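When we follow the working numbering, the leftmost residue of the sequence shown carries the number 107, and every step to the right adds one.
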Amino acid sequence: MTSATSPEKAYKEEIAGSNESIPLVYISGGSFMRGSSLDERGRQADEGSSQEVTVGDFWMSSMEITWDQYQVFLYREKDLVLTPNKGDIQLPIDGVSGATMPYVNFNRPGYPVIDITQYAASIFCKWLTAKTGRFYRLPTEAEWEYACRAGSSDPYYFNVKEDKLDQYGWYLDNSKGSLQKGGLKLPNAFGLYDMHGNAAEWVIDKYETTEYRKGGDNPVVFPEEQLYPRVVRGGSFKDDAAKLRSAARDYSRADWKKQDPQFPKSLWWHTEALHVGFRIVRPKEVPSAEEMEKYWGQPIPEY
107 MTSATSPEKA
117 YKEEIAGSNE
127 SIPLVYISGG
137 SFMRGSSLDE
147 RGRQADEGSS
157 QEVTVGDFWM
167 SSMEITWDQY
177 QVFLYREKDL
187 VLTPNKGDIQ
197 LPIDGVSGAT
207 MPYVNFNRPG
217 YPVIDITQYA
227 ASIFCKWLTA
237 KTGRFYRLPT
247 EAEWEYACRA
257 GSSDPYYFNV
267 KEDKLDQYGW
277 YLDNSKGSLQ
287 KGGLKLPNAF
297 GLYDMHGNAA
307 EWVIDKYETT
317 EYRKGGDNPV
327 VFPEEQLYPR
337 VVRGGSFKDD
347 AAKLRSAARD
357 YSRADWKKQD
367 PQFPKSLWWH
377 TEALHVGFRI
387 VRPKEVPSAE
397 EMEKYWGQPI
407 PEY
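In structure tokens, the structure reads:
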């Protein structure tokens with residue numbers, strides 16, 4: 107893997123001012139059947155039925171963002187140290203909101219960052235954009251499923267059945283009820299680790315069913331001013347196998363903050379979402395500055 111950012115190459119995004127880097131793989135876009143067939147074992151009604159969807163080319167982080175990577179953003183001690191081979195996007199780094207410290211820190215070095223809100227994940231992407239000059243964001247729900255399937259139409263990337271799941275993912279039957287370090291299982295054909303299980307992952311989309319059933323090019327359902335529910339994908343270490351299927355969907359709930367002692371409640375942390383993290387994408391086609399802000403979203407106070 108190279109540190110260069112030439113088209114169609116995997117690379118590492120070095121986080122300047124730290125020893126951290128984020129490996130990304132290049133994924134050629136295309137069309138696929140999103141959702142699940144009516145006879146798929148474990149299928150839920152919100153998964154379709156299947157519809158044809160097309161996504162563009164993008165890079166995606168090969169693993170879930172780790173606590174080590176996220177805390178560079180959290181502490182922001184070296185913000186003015188910019189990437190030497192900075193890209194073309196001009197975004198003032200001091201204009202990016204800073205995250206507050208977690209009320210209770212459940213994160214550990216080498217493990218996926220968890221208990222963060224979708225807003226917190228998106229602003230990490232915005233901060234990384236400002237620091238590197240390259241546009242980063244959360245994946246859309248369509249991009250996430252396309253990446254998870256890696257060309258497969260089966261319930262799991264590797265097979266129709268669950269018999270190989272232990273080789274590819276952490277879930278209820280093998281995790282001993284705990285989050286695990288990233289990259290310990292086999293990757294899919296795109297080189298992505300932990301798409302099945304470990305930490306569930308934020309995507310951009312608002313959770314709903316009507317718009318989801320529509321196909322088309324690069325679909326995304328922006329949450330706009332609606333805080334709940336928003337989609338998470340992939341299942342987690344505490345879920346059964348069916349929730350790790352490529353088509354399985356889950357969503358955020360207000361009770362993910364029920365023990366948050368702050369008033370108003372934190373924009374940054376979900377005290378009860380100890381199973382939710384994220385990974386990032388960089389689309390090959392760079393949108394306008396206005397569209398970037400739409401992808402990153404706006405904070406919505408919660409009382």
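We treat Cβ as the ideally placed atom computed from N, Cα and C, and that holds for glycine.
This one's a predicted model, so the numbers in the text were calculated from it and none came from an experiment.
Would DSSP call residue i helix, strand or coil?
i	result
Arg164	At residue 164 the sequence reads Phe, which differs from the Arg that was named. Phe164 falls in the strand class under three-state DSSP.
Thr238	helix
Val387	strand
Ser412	Residue 412 falls outside the range modelled here, since the chain spans only 107 to 409, and no answer is possible.
Phe369	coil
Ala110	Reliability of the predicted coordinates at Ala110 is poor, the pLDDT of 40 falling under 50, and the value obtained from them is presented with this limitation in mind. It is coil, neither helix nor strand.
Gln150	coil
Val309	strand
Asp356	strand
Tyr209	coil
Arg255	helix
Glu408	strand
Gly193	coil
Tyr132	strand
Glu249	helix
Asp361	helix
Gly216	coil
Trp233	helix
Arg351	coil
Asp145	coil
Gln332	coil
With the cut-off set at 9 Å, would you say residue i and residue j are in Cβ contact?
i	j	result
Arg359	Pro335	yes
Pro215	Trp375	no
Gly257	Gly303	no
Arg339	Gly141	no
Pro218	Ala347	no
Tyr242	Leu234	yes
Asn213	Tyr181	no
Phe138	Ser259	yes
Asp361	Val337	no
Ile171	Phe230	yes
Lys344	Gly283	yes
Pro407	Tyr401	no
Ala116	Gly403	no
Ala373	Trp308	According to the sequence as given, residue 373 is Leu; it is not Ala. Taking 9 Å as the Cβ cut-off, Leu373 and Trp308 do not qualify as a contacting pair.
Ala236	Val187	no
Gly148	Pro261	yes
Lys118	Ser124	no
Val326	Ala395	no
Phe384	Ile133	no
Gly239	Ile195	yes
Thr315	Ala205	no
Starting from residue i and walking both ways along the beta strand (DSSP E), at which residues does that stretch end?
i	result
Met139	136 to 140
Glu268	Run containing Glu268: none; DSSP gives neither H nor E here.
Tyr117	117 to 120
Arg336	336 to 339
Going by DSSP, what residue range makes up the alpha helix (DSSP H) through residue i?
i	result
Arg400	A quick correction: the sequence has Lys, not Arg, at residue 400. Unbroken alpha helix (DSSP H) run through Lys400: 395 to 402.
Val178	173 to 181
Cβ contact (3+ pairs, closer than 8 Å) linking the region 376 to 392 and the region 164 to 172: Touching, per the Cβ criterion.
The region 234 to 253 / the region 271 to 281 touching (three or more Cβ pairs under 8 Å): Judged by Cβ distances under 8 Å, the region 234 to 253 makes no contact with the region 271 to 281, as fewer than three pairs qualify.
The region 153 to 161 contacting the region 194 to 202, beta-carbon criterion three pairs below 8 Å: Too few Cβ pairs lie closer than 8 Å, so no.
3-residue-minimum beta strand (DSSP E) runs that sit fully inside the region 271 to 325, ordered along the chain: Listed in chain order, the complete beta strand (DSSP E) runs (minimum 3 residues) inside the region 271 to 325 are 306 to 312.
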